[in-house]
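For the record, in the sequence shown the residue sitting at position 109 is 151 according to the numbering used here, with numbers rising by one throughout.
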Amino acid sequence: MKPFSGFIEELADQLAASGRLSDPAWRAALHAVPRHLFAPPLAWVQGGDGSDRLMDRAVDEEAWLEAVYSDASIAVQFDDGATPLEAGGENHTSSLSAPGVVIAFLELLGPMAHHRVLEIGTGTGWTAGLLAARVGDENVTSVEIDGALSASVGGNLKAAGRSPRLIVADGADGWPAAAPYDRAHVTCGVREVPYAWVEQTRPGGRVVFPWVPGFGYGHKVRLTVTADGRAIGGFCGNAGYMMLRSQRFEHYAPTIDAEGEPSTTRLDPHTVTGDSYGCDVAALVPGLAAVEEETGEGGVRLHLRDPEGSWALADYEPGHDDHLVLQAGPRRLWTEVETAYLRWVSWGGPDRDRFGITITPPRGQNIWLNSPDNPITP
Ligand SMILES: C[S@@+](CC[C@H](N)C(=O)[O-])C[C@H]1O[C@@H](n2cnc3c(N)ncnc32)[C@H](O)[C@@H]1O
Numbered sequence: 043m044k045p046f047s048g049f050i051e052e053l054a055d056q057l058a059a060s061g062r063l064s065d066p067a068w069r070a071a072l073h074a075v076p077r078h079l080f081a082p083p084l085a086w087v088q089g090g091d092g093s094d095r096l097m098d099r100a101v102d103e104e105a106w107l108e109a110v111y112s113d114a115s116i117a118v119q120f121d122d123g124a125t126p127l128e129a130g131g132e133n134h135t136s137s138l139s140a141p142g143v144v145i146a147f148l149e150l151l152g153p154m155a156h157h158r159v160l161e162i163g164t165g166t167g168w169t170a171g172l173l174a175a176r177v178g179d180e181n182v183t184s185v186e187i188d189g190a191l192s193a194s195v196g197g198n199l200k201a202a203g204r205s206p207r208l209i210v211a212d213g214a215d216g217w218p219a220a221a222p223y224d225r226a227h228v229t230c231g232v233r234e235v236p237y238a239w240v241e242q243t244r245p246g247g248r249v250v251f252p253w254v255p256g257f258g259y260g261h262k263v264r265l266t267v268t269a270d271g272r273a274i275g276g277f278c279g280n281a282g283y284m285m286l287r288s289q290r291f292e293h294y295a296p297t298i299d300a301e302g303e304p305s306t307t308r309l310d311p312h313t314v315t316g317d318s319y320g321c322d323v324a325a326l327v328p329g330l331a332a333v334e335e336e337t338g339e340g341g342v343r344l345h346l347r348d349p350e351g352s353w354a355l356a357d358y359e360p361g362h363d364d365h366l367v368l369q370a371g372p373r374r375l376w377t378e379v380e381t382a383y384l385r386w387v388s389w390g391g392p393d394r395d396r397f398g399i400t401i402t403p404p405r406g407q408n409i410w411l412n413s414p415d416n417p418i419t420p
């Protein structure tokens with residue numbers, strides 16, 4: 043079997059070739075904080091099709107190492123710990139994030155060697171370890187909401203010779219005791235940025251997180267904190283992440299316990315959800331969770347729901363000009379999506395890089411087009 047360093051170097055080369063690793067300091071951190079020290083011996087490794095395969099270190103260590111040093115996430119908790127790890131499951135509630143997205147986010151964060159860094163979502167501790175290798179243990183504070191998860195993290199980090207400050211708390215509040223930070227790195231998805239992260243970051247500092255608004259895929263965001271306590275920035279590519287606990291969606295099809303109001307639409311629901319990342323950030327429908335389901339023979343059903351019980355279904359069927367819609371509850375969710383989509387179309391369908399985001403105290407979050415002076419948030 044090749045040495046661990048061989049697996050690490052191959053992974054680093056692969057990340058460099060795909061443009062996600064350019065800073066030699068992160069290559070050095072990958073070696074200093076080996077990922078296998080943070081992976082469970084029974085590892086549920088996510089495949090390209092989204093399904094998990096179980097790799098058992100005791101059965102085949104080399105195959106396990108190949109998997110651990112592939113660009114795949116590894117689930118380390120299901121159902122907030124209610125389902126044993128060995129049983130696996132659909133509902134991942136903590137993971138060792140895929141190396142490609144971890145390194146891409148760290149490059150976006152761009153900490154300097156003397157910076158103080160806040161991480162939200164310790165998970166396995168790997169990111170905290172990489173950060174500690176870069177800026178020193180004393181400069182890293184990592185917050186995890188799940189005490190049971192956090193309990194094993196100190197051991198993982200110790201094996202890598204690292205000891206950043208580990209806190210068990212709700213990361214939505216940041217960790218004011220160690221503020222101010224130069225960098226805040228959130229490793230779970232958010233729809234709305236808690237102002238605490240901005241407040242606890244110095245002017246000129248960065249707040250980096252996956253923005254997962256519930257419509258379409260998630261987006262990497264990097265904000266810079268201004269002297270007057272705002273944070274302004276833009277979208278920097280894709281990021282699919284599990285959500286901050288208090289901002290989770292219920293990603294399941296709605297329970298249809300009442301008759302929906304039927305109508306038809308000339309818009310194709312499958313195009314609306316798949317059109318462009320620009321459309322995804324512009325489709326500002328509050329509280330929305332949108333999920334697509336394949337219905338066979340090329341058909342797709344779009345499920346929309348909100349936390350107050352409104353739901354809508356919109357069916358795309360190949361060859362049809364009009365598509366059936368059912369809506370129920372206090373809101374008309376399909377109508378809201380249609381309006382948001384057509385608004386984006388009326389602007390000429392701008393791409394994601396023309397949009398940005400500004401956070402203002404105490405709870406303001408505005409999406410803008412072209413310039414912070416042009417907010418589009420309804
Ligand atoms: C994708 S994992 C993080 C991966 C991790 N950074 C690593 O390097 O392995 C997301 C983590 O965020 C945690 N989390 C979710 N909501 C949180 C909250 N409100 N505060 C702190 N941690 C939270 C989850 O328990 C989970 O462990």
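Using N, Cα and C, we set each Cβ at its ideal position, and we do this for glycine too.
Note that this is a predicted model, so its numbers are computed, not measured.
Taking C-beta to C-beta, are residue i and residue j nearer than 8 Å?
i	j	result
Gly282	Gly260	yes
Met284	Cys230	yes
Ala273	Ile401	yes
Pro420	Leu368	no
Gly371	Asp357	no
Val254	Leu150	no
His78	Leu107	yes
Gly163	Gly213	yes
Tyr223	Pro404	no
Thr135	Phe147	no
Val144	Thr169	yes
Arg62	Gly142	yes
Ala324	Ala382	yes
Gln407	Glu234	yes
Asp364	Thr315	no
Leu346	Gly302	no
Ala117	Trp86	yes
Ala58	Ser64	yes
Are there 16 or more other CB atoms within 10 angstroms of the CB of residue i, so buried, or fewer, so exposed?
i	result
Glu186	buried
Ser413	exposed
Asn416	exposed
Val327	buried
Pro83	exposed
Ala174	buried
Ser139	buried
His157	buried
Thr337	exposed
Kindly indicate which residue of the options has the alpha-carbon position closest to the one of residue i.
i	options	result
Ile399	Trp410, Cys278, Val314, Arg405	Trp410
Val159	His73, Ala220, Gly48	Ala220
Ala129	Val143, Leu96, Arg385, Leu107	Leu96
Gly203	Thr268, Leu172, Asp415	Leu172
Asp91	Asp363, Ser115, His73, Val263	Ser115
Gln88	Glu104, Arg233, Leu309, Asp113	Asp113
Gly246	Cys278, Cys321, Gly152	Gly152
Thr313	Leu199, Glu180, Arg343, Tyr223	Arg343
Ser318	Ala109, Asp393, Asp121	Asp393
Lys200	Val235, Phe80, Gly165, Leu53	Phe80
Pro360	Pro45, Leu265, Trp86, Glu339	Glu339
Leu384	Arg374, Cys321, Trp353, Leu127	Cys321
Ala269	Asn133, Glu241, Phe49, Gln289	Glu241
Glu103	Val75, Phe49, Pro126, Pro252	Phe49
Val263	Gln289, Leu286, Val228, Arg287	Val228
Asp16	Leu286, Asp179, Gly391	Residue 16 lies beyond the stretch modelled for the chain, which goes from 43 to 420, so this question has no answer here.
Leu330	Leu366, Glu301, His362, Thr377	Thr377
His362	Phe46, Leu309, Glu350	Leu309
Gln256	Val379, Gly167, Val210, Thr266	According to the sequence provided, residue 256 is Gly. The question's Gln does not apply to it. Closest by alpha carbon: Val379.
Asp188	Gly391, Gln56, Ser288, Asp98	Ser288
Phe291	Arg225, Glu350, Thr243	Glu350
Per DSSP, what are the beta-bridge partners of residue i in this structure?
i	result
Thr306	Leu366
Ala331	Arg347
Thr402	Gly406
His312	Answer is none; His312 lacks a bridge partner.
Ala354	Leu346, Gln369
Thr266	Arg248, Ile274
Thr243	Tyr223
Ser417	The sequence as given places Pro at residue 417; Ser does not occur at that position. Note: Pro417 sits in a beta bridge opposite Trp410.
Trp386	Note: Trp386 sits in no beta bridge, so no partner.
Ile209	Val185
### Message
So within the stretch 111-185, which uninterrupted beta strand (DSSP E) runs reach at least 3 residues, ignoring any that extend past its ends?
### Response
Segments of the beta strand (DSSP E) lying fully in the stretch 111-185: 116-120, 134-138, 159-162.
### Inside the stretch 213-241 only - beta strand (DSSP E) runs reaching at least 3 residues
223-228
### Message
Could you tell me which whole beta strand (DSSP E) segments of length 3 or greater appear in the stretch 73-97?
### Response
84-88
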